[in-house]
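Here the structure is laid out as structure tokens; the discussion comes afterwards.
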Amino acid sequence: MPPRRSPVSIFALAAMGVAAFPAAAQVQPSIPATTLPPGAQDAWGQVRAALTPAQQANAVRRFLSALAASEGRPTLPPADARDIASGRAVSLDDPALSQRPQAHEITITVGGQFLVFRPLSRASVEPLFGP
């Protein structure tokens, strides 16, 4: 029975294989990375940099507002939550998320990008539920 390889070694071997065959790397379709609108990008930086629950809640609202302004309509991007300790996916309406938001990680999907933050309070998560 062959020895099992760790995911890191498999990744390293795969990377070396692509480096050894540059033509193979060119065959892969390139997926254009969409960037956030400037206002939303700045607001997202504030969500990640917030030190207090109030700062973060306001930054989440500014982020959603900037997305709505760039699209010309109110928008609510898809969001997922995950319990940090167990890695278990959590529904956004799970009481555990509103009772202990700091124990969770929120992923917002915008234009193919996954934006991750750890809420400091319930107020940081509430704008993601919609009006």
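Adding 213 to a residue's 1-based position in the sequence shown gives its number in this note's numbering.
Idealized CB from N, CA, C, for every residue including glycine.
Remember, it's a predicted structure, so these values are computed and weren't measured experimentally.
* Going along the chain, which residues of its own chain have a beta-carbon closer than 7 Å to the beta-carbon of Phe330, five neighbours each way excluded? -> Val260, Arg261 and Ile319
* To do: Please say whether Val303 and Arg295 have beta carbons closer to each other than 8 Å?
  => yes
* State buried or exposed for Gln254, treating a residue as buried only when at least 16 other CB atoms are found within 10 Å of its CB. => exposed
* Asked: For Asp306, does the three-state DSSP call read helix, strand or coil?
  -> coil
* alpha helix (DSSP H) segment containing Ala256, residue limits -> Pro251 to Ala262
* To do: Determine the DSSP secondary structure at Ala272, reduced to helix, strand or coil.
  => helix
* Are the Cβ atoms of Val323 and Pro287 separated by less than 8 Å? -> no
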